[in-house]
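> Quick note, the sequences are listed as chains R and F, same order. Counting in my numbering, the first sequence runs from 69 upward without gaps. Counting in my numbering, the second sequence runs from 69 upward without gaps. Heads up, the beta-carbon is just placed ideally off N, CA and C, and yes, glycines get one too. Encoded as structure tokens, here's the structure I'll be asking about.
Protein chains: 2
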Amino acid sequence: MALVVQKFGGTSVGSTEKIKNVARRVISEKEKGNDVVVVVSAMSGETNKLVAMAGEIAESPSEREYDVLVSTGEQVTIALLAIALHDMGQSAVSYTASQVKITTDSAHSKARIKSIDSEKIHKDLSEGRIVVVAGFQGADEDGNLTTLGRGGSDTSAVAIAAALKADVCDIYTDVEGVYTTDPTICENARKLDRIAYDEMLEMASLGAKVLQTRSVEFAKKYNVPIHVRSTFSENTGTMVTREDKSMEEVAVSGIAYNKDEAKITIIRVPDTPGIAAKLFGPISDANINVDMIIQNVSEDGHTDMTFTVPKGDFKKAMSLVEKAGEELGAKGVAGDPNISKVSVIGVGMRSHAGIASSVFDAFSKEGINILMISTSEIKVSCVVKSKYTELAVRVLHDTFKLGDREVKEETW
Amino acid sequence: MALVVQKFGGTSVGSTEKIKNVARRVISEKEKGNDVVVVVSAMSGETNKLVAMAGEIAESPSEREYDVLVSTGEQVTIALLAIALHDMGQSAVSYTASQVKITTDSAHSKARIKSIDSEKIHKDLSEGRIVVVAGFQGADEDGNLTTLGRGGSDTSAVAIAAALKADVCDIYTDVEGVYTTDPTICENARKLDRIAYDEMLEMASLGAKVLQTRSVEFAKKYNVPIHVRSTFSENTGTMVTREDKSMEEVAVSGIAYNKDEAKITIIRVPDTPGIAAKLFGPISDANINVDMIIQNVSEDGHTDMTFTVPKGDFKKAMSLVEKAGEELGAKGVAGDPNISKVSVIGVGMRSHAGIASSVFDAFSKEGINILMISTSEIKVSCVVKSKYTELAVRVLHDTFKLGDREVKEETW
């Protein structure tokens with residue numbers, strides 16, 4: 069008998085009919101003899117409806133009250149799912165985050181979970197009940213309602229699985245699992261049976277949208293195995309787990325890409341100590357996340373510095389950098405929002421040499437110019453012109469033989 | 069400086085535009101220098117929408133989960149109202165019932181309030197905040213969410229006013245106050261400036277729909293003055309307060325009616341001890357409320373017994389009584405769903421004689437046959453055929469000179 073935490077997202081619970089389907093799915097898990105805790109999101113569209121009402125009232129709604137508002141979405145779902153389970157003859161009980169003391173910090177709309185009181189849930193499970201918990205929400209130590217940010221239900225599910233020491237956390241989604249790359253770009257993309265937490269983190273943060281980054285960090289920290297699988301089929305999906313020997317045998321696990329960045333270069337800035345601080349201080353103060361940073365070798369006391377920011381922050385970042393550039397005596401500032409980052413990911417890189425040069429070779433053969441390069445122990449990321457994104461992904465997917473079958477070159 | 073609790077119902081908060089209006093209303097009270105606590109219902113239509121979803125999933129939804137579901141309605145309103153108050157530059161904070169520990173028993177969907185933790189609210193008020201509390205909901209001692217039943221927001225408001233020792237509880241509604249009778253029946257019905265709790269209780273339970281009965285009981289018990297007033301005007305409404313000398317000077321305060329009852333007579337039942345128990349036991353077990361009961365003088369060891377039940381329970385009650393009648397050896401059972409109860413109400417009756425006979429006289433002059441009579445210290449109720457309801461109300465209203473002006477008889 070296992071303890072299974074199941075998480076169903078907004079699309080899976082998007083109507084009363086779909087909620088009944090989820091209930092049947094939950095019951096089939098329970099009937100295998102397992103203890104089941106279910107974490108659900110708001111019905112799809114519901115959160116947007118609530119946000120729209122807030123927008124009709126105020127341009128920038130109070131953050132505390134915004135969380136009070138949107139957390140009703142998940143409360144509706146837990147009640148409806150518990151009603152469905154009861155109606156199907158199951159003993160079930162729903163809990164809001166406050167009721168099972170999912171305690172977070174007080175950072176409204178992006179709160180972080182600090183602790184969960186597992187006692188109540190364990191008691192219900194031991195009495196044979198299915199426990200339904202609202203995802204996405206929490207309460208701070210003073211009892212104020214908080215939310216974890218978009219995709220936060222994944223984090224709720226993993227945190228609950230960790231607190232309960234569950235055997236597995238099933239994340240139900242609209243895809244069959246985690247793929248070697250985006251199947252819409254690369255038709256022979258292959259579903260992975262297993263992937264290491266660190267690989268998943270790179271896949272997630274680099275643009276694969278299956279799991280929320282923070283939930284994977286949580287799973288890694290508490291060693292919770294995640295099973296990413298489809299709501300619409302019974303197939304086994306992808307297990308996201310701790311790294312093991314067998315994973316190291318494969319050099320590359322997947323190819324990720326991110327079209328949502330822009331590149332800024334500050335040209336011929338005097339290479340004196342403290343430049344970086346003067347340049348990135350104001351950007352950080354404006355809450356803009358800088359991703360890659362590259363600094364060229366200094367020539368006659370001057371250097372070029374290039375970095376990437378989210379595309380949505382490009383204009384704001386440009387004006388901050390132009391101002392800093394003047395103060396620092398730079399020659400100029402250049403920006404390009406039409407770039408993409410394409411990355412090769414694999415924990416096996418630690419023991420396999422030559423991955424980066426294979427990437428450069430492959431791009432060179434296709435005439436794809438590399439604008440920036442950044443590497444870590446388990447990834448190689450290249451910034452290229454956006455127009456090359458799909459080509460670059462397919463070339464790398466092929467180079468590292470990730471596909472499950474040969475695809476003729478003409479289909480590219 | 070006063071402490072004012074204001075309650076706004078579903079119609080008053082039925083859209084984001086209306087919520088903004090309520091916010092302005094709240095602020096104008098605050099700007100008089102008063103401390104303000106606001107209790108709100110779900111936006112009109114919202115609760116029905118939630119109930120409909122539950123109905124799509126189960127015919128008789130789990131009571132516990134039903135409460136989890138419908139209590140989201142009020143949570144949406146408190147958040148939106150607090151957002152509006154913030155946007156208008158006020159310091160405001162919203163609380164669900166759980167957050168201010170509105171503790172109830174565990175009778176889902178008709179829970180009774182046991183206690184409220186006023187400390188948190190007092191602290192916010194002392195720091196200059198407007199406090200917005202969700203009506204209708206509570207939580208039992210184990211933290212399970214409960215609701216108080218339809219109209220429960222009135223009770224929430226009065227209970228909060230009692231706990232805070234507020235100076236007044238303003239109940240905002242879509243009428244100008246409590247009238248001597250239904251203005252849609254009697255065009256010279258007059259708005260009352262004041263009415264005693266006991267009178268209001270009779271008015272409420274006898275069919276005037278302004279205030280929920282339980283909220284008035286609560287107000288009476290804790291001596292909370294209620295001000296029933298209009299959301300749509302600045303006029304003074306009706307104060308519902310403790311009885312005083314001046315009220316006793318007036319014999320009759322108002323005329324109420326109730327078309328929602330039906331009459332059942334059990335004919336020539338042997339008049340032996342225990343009949344009533346055998347007759348009303350099964351009715352009570354079926355959760356049917358019996359209102360008036362009249363037993364005729366016994367003749368040759370037999371008696372007739374007549375009573376009223378809610379019209380919705382008429383059929384069920386008839387079949388129970390027919391069964392009991394057979395067992396008791398009664399001659400037969402007769403039922404009539406086409407009746408109304410018309411009542412004259414006033415605490416002044418305690419010191420004014422002859423009210424009942426004035427009622428009988430007035431009915432007799434108009435040829436209205438009285439089917440049943442029931443009296444208490446402060447009311448005289450008569451059951452008449454439904455078709456006479458409006459006529460009976462107008463006749464009594466006129467007899468006791470309750471109108472604010474003469475109305476020519478032809479307009480009846």
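#1: How about Gly219(F): is its C-beta nearer than 8 Å to some C-beta of chain R?
#2: Which residues does DSSP pair with Arg262(R) in a beta bridge?
#3: So for Gly400(R), helix, strand or coil by DSSP?
#4: For Pro378(R), write down the residues that DSSP places opposite it in a beta bridge.
#5: Who are the neighbours of Lys88(F) on chain R, taking C-beta pairs under 8 Å?
#6: Going along the region 70-94 of chain R in order, which residues come within less than 7 Å of chain F, judged by CB to CB distance?
#7: Under 8 Å, do Leu260(F) and Val246(F) count as touching if we go by C-beta distance?
#8: So, for Lys182(F): in the same chain, excluding its five sequence neighbours on each side, which residues have a beta-carbon less than 7 Å away from its beta-carbon?
#9: So Val144(F) packs on Leu118(R), CB below 8 Å; how close in whole Å?
#10: Going by DSSP in three states, Met440(F) sits in which element: helix, strand or coil?
#11: What ranges does the beta strand (DSSP E) occupy inside the region 197-227 of chain F, keeping only unbroken runs of at least 3 residues that lie completely in it?
#12: Would you say Ser273(R) lies against chain F (beta-carbon separation less than 8 Å)?
#13: What residues from the region 100-134 of chain R come within 8 Å of chain F, judged by C-beta to C-beta, listed N to C?
#14: Give me the DSSP bridge partner(s) of Thr340(R).
#15: Taking a contact to mean a Cβ-Cβ separation below 8 Å, would you say Gly416(R) touches Met315(R) in this structure?
#16: Could you tell me whether any Cβ in chain R is nearer than 8 Å to the Cβ of Ala147(F)?
#17: Go ahead and pull the three-state DSSP assignment for Ala324(F).
#18: Would you call the region 418-435 of chain R and the region 276-285 of chain R touching, i.e. three or more CB-CB distances under 8 Å?
#19: Using a Cβ-Cβ cut-off of 8 Å (strictly less than) and excluding sequence neighbours within five positions of Gly82(R), which residues of its own chain qualify?
#20: If I measure Cβ to Cβ from Cys254(R) and keep anything under 7 Å in the same chain, skipping five residues before and after, which residues do I get?
#21: Establish whether the CB of Gln158(R) and some CB of chain F are separated by less than 8 Å.
#22: For the putative contact between Gly77(R) and Thr115(R), defined by C-beta atoms under 8 Å, what is the C-beta separation to the nearest angstrom?
#23: Run through DSSP, which three-state label would Thr281(F) get?
#24: DSSP beta-bridge partners for Cys450(F)?
#25: Can you tell me whether Glu270(F) is buried or exposed? The criterion is at least 16 other CB atoms within 10 Å of its CB, across all chains shown.
#26: Give the single residue among Ala227(F), Leu153(F), Ile151(F), Ser408(F) whose Cα lies nearest to the Cα of Ile184(F).
#27: How about the region 294-305 of chain F and the region 323-334 of chain F: do they share at least three Cβ pairs that are nearer than 8 Å?
#28: Which residues in the same chain have their Cβ closer than 8 Å to the Cβ of Ile366(R), if we skip the five residues on either side of it in sequence?
#29: Please compile the residues from chain R whose C-beta is within a distance smaller than 9 Å of the C-beta of Lys193(F).
#30: Buried or exposed for Gln325(F), please, with buried defined as at least 16 other CB atoms from any protein chain shown within 10 angstroms of its CB.
#31: Keeping to the same chain, check which residues put their C-beta closer than 6 Å to that of Thr248(F); ignore five residues upstream and five downstream.
#32: Of the residues that make up the region 286-305 of chain F, which ones have a beta carbon closer than 8 Å to any beta carbon in chain R?
#33: Ile151(R) CB to nearest chain F CB: under 8 Å?
#34: Under a CB-based cut-off of 8 Å, is Leu216(F) close to chain R?
#35: Verify the contact flag: Asn364(R), CB atom, against every heavy atom of the ligand ATP, threshold strictly below 7 Å.
#36: Just list the residues that DSSP pairs Asp103(R) with in beta bridges.
For this structure:
#1: Translated into the one-based positions of the second sequence, residue 219(F) becomes position 151. Not closer than 8 Å to any Cβ of chain R, the Cβ of Gly219(F) fails to qualify, so no.
#2: As a first step, residue 262(R) must be located in the first sequence, where it is residue number 194. Note: Arg262(R) sits in a beta bridge opposite Met307(R).
#3: The count along the first sequence starts at 1 and reaches residue 400(R) at position 332. Three-state result, Gly400(R): strand.
#4: Walking along the first sequence from the start, residue 378(R) turns up at place 310. According to the DSSP secondary-structure assignment, Pro378(R) is paired through a beta bridge with Glu329(R).
#5: Your numbering for residue 88(F) matches position 20 in the second sequence. Chain R residues near Lys88(F): Ile125.
#6: Correct list: Thr84, Ile87, Lys88.
#7: As a first step, residue 260(F) is located in the second sequence; it is residue number 192 there, counting from the start. As a first step, residue 246(F) is located in the second sequence; it is residue number 178 there, counting from the start. In this structure, Val246(F) lies closer than 8 Å to Leu260(F) by Cβ.
#8: Residue mapping note: residue 182(F) aligns to position 114 of the second sequence, counting from 1. Within the same chain, Lys182(F) has close Cβ partners Thr171, Thr172, Asp173.
#9: For the purposes of this step, residue 144(F) is identified with residue 76 of the second sequence, where counting begins at 1. For the purposes of this step, residue 118(R) is identified with residue 50 of the first sequence, where counting begins at 1. Right, their Cβ atoms sit about 7 Å apart.
#10: Sequence index remark: in the second sequence, residue 440(F) carries index 372 (1-based). DSSP places Met440(F) in strand when its eight states are reduced to three.
#11: Runs of the beta strand (DSSP E) inside the region 197-227 of chain F: 198-202, 205-207, 213-215.
#12: For this step, residue 273(R) is matched to residue 205 along the first sequence. Taking Cβ atoms only, chain F never reaches closer than 8 Å to Ser273(R), which makes this a no.
#13: Those residues of the region 100-134 of chain R placed with their C-beta closer than 8 Å to a C-beta in chain F are Leu118, Met121, Ala122, Glu124, Ile125, Ala126, Glu127, Pro129, Ser130, Arg132, Glu133, Tyr134, ordered along the chain.
#14: Reading the first sequence from its first residue, position 272 is the one you call residue 340(R). Answer is none; Thr340(R) lacks a bridge partner.
#15: On the first sequence, position 348 is the one that residue 416(R) refers to. On the first sequence, position 247 is the one that residue 315(R) refers to. Contact: yes.
#16: In the second sequence, counting from the first residue as 1, residue 147(F) sits at position 79. Chain R, which has a Cβ nearer than 8 Å to the Cβ of Ala147(F), makes this yes.
#17: Translated into the one-based positions of the second sequence, residue 324(F) becomes position 256. Three-state result, Ala324(F): strand.
#18: no
#19: The residue given as residue 82(R) occupies position 14 in the first sequence. Around Gly82(R): Met111, Ser112, Gly113.
#20: One-based indexing of the first sequence puts residue 254(R) at position 186. Here the set comprises Val461, Arg462, His465.
#21: Walking along the first sequence from the start, residue 158(R) turns up at place 90. No - not a single Cβ of chain F is within 8 Å of the one on Gln158(R).
#22: Here residue 77(R) refers to the residue found at position 9 of the first sequence. Here residue 115(R) refers to the residue found at position 47 of the first sequence. Not confirmed; about 11 Å, so no contact.
#23: Indexing the second sequence from 1 puts residue 281(F) at position 213. In this structure, Thr281(F) counts as helix in the three-state DSSP scheme.
#24: Translated into positions along the second sequence, residue 450(F) becomes position 382. Under DSSP, Cys450(F) shares a beta bridge with Val410(F), Ile441(F).
#25: Counted from its first residue, the second sequence places residue 270(F) at position 202. Classification of Glu270(F): buried, given that the 10 Å Cβ count is 16 or more.
#26: Position 116 of the second sequence, counted from the first residue, corresponds to residue 184(F). For Ile184(F), the nearest C-alpha among the options comes from Ala227(F).
#27: The answer is no - the region 323-334 of chain F does not touch the region 294-305 of chain F, with fewer than three Cβ pairs under 8 Å.
#28: In the first sequence, counting from the first residue as 1, residue 366(R) sits at position 298. What sits at residue 366(R) in the sequence shown is Ser, not Ile. Asp339, listed in sequence order.
#29: Taking the second sequence and counting its residues from 1, one reaches residue 193(F) at position 125. It should be noted that the sequence gives Leu, not Lys, for residue 193(F). Residues of chain R passing the Cβ test: none, with the nearest at roughly 17 Å.
#30: Taking the second sequence and counting its residues from 1, the one referred to as residue 325(F) is at position 257. According to the sequence provided, residue 325(F) is Tyr. The question's Gln does not apply to it. Flag for Tyr325(F) reads buried.
#31: Position 180 of the second sequence holds residue 248(F). Taken in chain order, the residues that qualify are Ala257, Arg258, Gly322, Leu470.
#32: none
#33: On the first sequence, residue 151(R) is found 83 positions in, with the first residue counted as 1. Yes, Ile151(R) counts as interfacial toward chain F.
#34: Residue 216(F) sits at position 148 when you count from the first residue of the second sequence. No, because no Cβ of chain R sits closer than 8 Å to the Cβ of Leu216(F).
#35: The ligand ATP is not part of the structure shown, which contains no ligands of any sort.
#36: As a working mapping, residue 103(R) is identified with position 35 in the first sequence. The partner list for Asp103(R) (beta bridge, DSSP) reads Leu71(R).
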